[in-house]
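S.K.:
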Amino acid sequence: MFYLFAFLIGLAIGSFLNVLIVRIPKNENIVFPASHCPVCNHTLKPWHNIPLLSWLLLKGKCAFCKTPISKMYPMVELITAAIFLFISFKEGISVNWFIISLIFSLLFALSIIDFKYFAVPDSLNFTALALALLLPLFNFAEDYLTQDLKNFTYYQSELITNFKDAAIMALSLFLLGLVVKKIIKKDALGEADIIIAATMGSLLGFPSVLIAIYTAALLAIIPALFARNHMVPFVPFLALGTLIVYFFNDTLLKWWNLLYA
Numbered sequence: 085m086f087y088l089f090a091f092l093i094g095l096a097i098g099s100f101l102n103v104l105i106v107r108i109p110k111n112e113n114i115v116f117p118a119s120h121c122p123v124c125n126h127t128l129k130p131w132h133n134i135p136l137l138s139w140l141l142l143k144g145k146c147a148f149c150k151t152p153i154s155k156m157y158p159m160v161e162l163i164t165a166a167i168f169l170f171i172s173f174k175e176g177i178s179v180n181w182f183i184i185s186l187i188f189s190l191l192f193a194l195s196i197i198d199f200k201y202f203a204v205p206d207s208l209n210f211t212a213l214a215l216a217l218l219l220p221l222f223n224f225a226e227d228y229l230t231q232d233l234k235n236f237t238y239y240q241s242e243l244i245t246n247f248k249d250a251a252i253m254a255l256s257l258f259l260l261g262l263v264v265k266k267i268i269k270k271d272a273l274g275e276a277d278i279i280i281a282a283t284m285g286s287l288l289g290f291p292s293v294l295i296a297i298y299t300a301a302l303l304a305i306i307p308a309l310f311a312r313n314h315m316v317p318f319v320p321f322l323a324l325g326t327l328i329v330y331f332f333n334d335t336l337l338k339w340w341n342l343l344y345a
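Under the working numbering, the first residue of the sequence shown is numbered 85, with each subsequent residue one higher.
(1) Between the stretch 174-190 and the stretch 201-217, can you find at least three pairs of beta-carbon atoms closer than 8 Å?
(2) Are residue 142 and residue 158 touching if we call contact CB-CB under 8 Å?
(3) Of the residues 233, 204, 240, which one's Cα is nearest the Cα of residue 194?
(4) Give me the Cβ distance between residue 286 and residue 246, rounded to the nearest whole Å; I'm assuming they're in contact under 8 Å.
(5) Could you check if residue 106 is buried or exposed, using at least 16 other CB atoms within 10 Å of its CB as the buried criterion?
(6) For residue 323, collect the residues of the same chain with a Cβ closer than 6 Å to its Cβ; drop the 5 residues on either side in sequence, then sort them by chain order.
(7) Please determine if the stretch 316-332 and the stretch 291-306 are in contact, where contact requires at least 3 C-beta pairs separated by less than 8 Å.
(8) Just to check my reading of the structure: residue 355 and residue 90 have Cβ atoms closer than 8 Å, yes? What is that Cβ distance to the nearest angstrom?
(9) Enumerate, from N- to C-terminal direction, the unbroken alpha helix (DSSP H) stretches of 4 or more residues contained entirely within the stretch 251-326.
(10) Can you give, in chain order, each stretch of the alpha helix (DSSP H) that sits fully within the stretch 102-179 and has at least 4 residues?
(11) State the DSSP-derived secondary structure class of residue 240, mapped to helix, strand or coil.
(12) What residue range does the alpha helix (DSSP H) around residue 361 cover?
(13) Less than 8 Å between the beta carbons of residue 167 and residue 175, yes or no?
(14) Would residue 319 and residue 280 qualify as a contact pair, given that the criterion is a beta-carbon distance under 8 Å?
(15) Which same chain residues end up closer than 6 Å to residue 160 when comparing Cβ atoms and leaving out the 5 residues on each side of it in sequence?
(16) Just mark residue 284 as buried or exposed, buried being the case when its beta carbon has 16 or more other beta carbons within 10 Å.
(17) My understanding is that residue 262 touches residue 329, with C-beta atoms under 8 Å, so please give their C-beta distance in whole angstroms.
(18) Pull up the distance between the alpha-carbon of residue 239 and that of residue 93, whole angstroms please.
(19) Could you tell me how far apart the beta carbons of residue 282 and residue 308 are, in whole angstroms, since I believe they sit closer than 8 Å?
(20) So, is residue 131 buried or exposed, given that buried needs 16 or more other C-beta atoms within 10 angstroms?
(21) Using the three-state DSSP reduction, which class does residue 249 fall into: helix, strand or coil?
Spelled out as structure tokens, the structure:
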């Protein structure tokens with residue numbers, strides 16, 4: 085039952101992510117106007133907006149003009165639901181589960197936007213960073229409400245560590261970008277990559293975040309070779325590297341320790 089709850093919450097969040105993915109790159113308001121068909125402009129009824137189910141019942145077509153609805157919408161909802169579901173296996177149904185799932189959902193949305201538009205909205209990027217940085221405060225609130233408080237210095241230490249790890253990663257990628265730019269004579273890392281690196285550092289900590297960066301770089305090599313003179317968005321690979329390390333952290337740390345012990 086808990087896992088079904090996690091999946092359904094993920095579907096709902098995925099539905100909202102679709103709004104963010106479509107509207108934010110166009111600088112449109114994410115609340116008004118109400119959801120509508122981009123072809124005939126009919127405002128959708130509430131029952132046309134049920135995540136995944138509406139798309140299936142409408143057979144992937146607008147209820148009014150019968151224009152095919154992009155498969156991106158159910159795909160985003162399903163993947164976001166999977167994110168919430170699989171993270172619940174690791175975290176249980178808790179504040180930690182919800183916030184971490186939100187962070188990965190935002191990274192997923194940023195990945196799609198970067199892939200489609202070669203742009204990364206600061207609003208979503210900084211929201212993901214803020215959630216990662218303040219995760220100990222959310223845990224403190226949950227522990228307070230459930231009367232399971234630890235010593236206050238525990239939350240303080242976790243918060244300081246999150247900010248420290250984020251700052252180290254942001255500074256490291258900034259300096260790396262300067263070095264690479266000097267070598268290849270063009271920008272290699274953007275501001276968005278630096279912010280996401282800070283989010284990764286805060287969420288994963290050291291040395292796990294380094295493994296995630298290496299993983300992202302390895303995943304990006306093959307597309308970069310095929311793309312040649314074309315731009316390759318790096319955000320999707322950073323997000324995927326972070327997700328892989330989050331789920332397989334213990335195993336990857338063992339390999340890391342064998343290599344660098």
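Ideal Cβ placement from N, Cα and C applies to all residues, glycine included.
M.R.: This is what the structure holds:
(1) yes
(2) no
(3) 204
(4) 4 Å
(5) buried
(6) 191, 195
(7) yes
(8) Since the displayed the chain opens at 85 and closes at 345, residue 355 lies outside it and no answer follows.
(9) 275-288, 292-311
(10) 137-141, 156-175
(11) helix
(12) Residue 361 lies beyond the range of the chain shown here (85 to 345); nothing can be said about it.
(13) no
(14) A contact, by the Cβ cut-off of 8 Å.
(15) 98, 101, 102
(16) buried
(17) Contact flag wrong, Cβ pair sits at about 26 Å.
(18) C-alpha separation (whole angstroms): 27 Å.
(19) At roughly 23 Å, the Cβ-Cβ gap does not stay under 8 Å, so residue 282 and residue 308 are not in contact.
(20) So residue 131 ends up on the exposed side.
(21) Of the three classes helix, strand and coil, the one that applies to residue 249 here is helix, per DSSP.
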